[in-house]
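S.K.: Numbering (the numbering used here), first residue to last: 686 to 796. Ideal Cβ positions, reconstructed from N, Cα and C, are used throughout, including at glycine. One structure, pasted below without further comment.
This is the structure:
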C-alpha cells in the first residue's frame, strides 16, 4: 500500500484502537482483524501491544467495511482495491503538480 504521511505527529494526535473503532462505528475486534490482515496500518506499536493510528485510519476502516459489506469483496481483494485507490490518489496529485509546473513554465515563456 502506498502511504504518504506527515512524520511529525505526536502521540497525542494519534488514536487508540478503541477510538478508531468508536469513530468508524465498527467493533474493536474487527479493527484488530484489519490490522492483522495488513489492511490497516497503525502509526505506532508499543511493546505493551498498544496500537496508535492517525485519523485517516477511521476513513480507511470505513472503506474496508464498505468494500466488504456493500460490494462483497474478500479481504485479499480489499487490499488490492486499497492499493489501487492509493495509487490513483498519488497519480492525481502528480498530474496536478505537473500541470502547475507546466503552467508556470508557460507563463515564463510568455514574459
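When you compare only the Cα positions, how much space is there between residue 708 and residue 699?
M.R.: If you take the alpha carbons of residue 708 and residue 699, they lie about 13 Å apart.
S.K.: At what residues does the alpha helix (DSSP H) containing residue 765 begin and finish?
M.R.: Counting along the chain, the alpha helix (DSSP H) containing residue 765 begins and ends at 760 to 795.
S.K.: Here's the rule: buried if 16 or more other CB atoms are within 10 angstroms of the residue's CB, otherwise exposed. What is residue 745?
M.R.: Residue 745 is buried by the Cβ-count criterion.
S.K.: Do residue 725 and residue 749 have their C-beta atoms closer together than 8 Å?
M.R.: It is a contact, given that the beta carbons lie within the stated cut-off.
S.K.: Out of curiosity, what's the CA-to-CA distance linking residue 731 and residue 789?
M.R.: About 46 Å.
S.K.: Can you name the start and end residues of the beta strand (DSSP E) that residue 737 belongs to?
M.R.: Note, residue 737: beta strand (DSSP E), 736 to 738.
S.K.: Give me the Cα-Cα distance between residue 756 and residue 769, rounded to the nearest whole angstrom.
M.R.: Between residue 756 and residue 769, the C-alpha separation is close to 16 Å.
S.K.: Is the CB-CB distance between residue 738 and residue 728 below 8 Å?
M.R.: Taking 8 Å as the Cβ cut-off, residue 738 and residue 728 qualify as a contacting pair.
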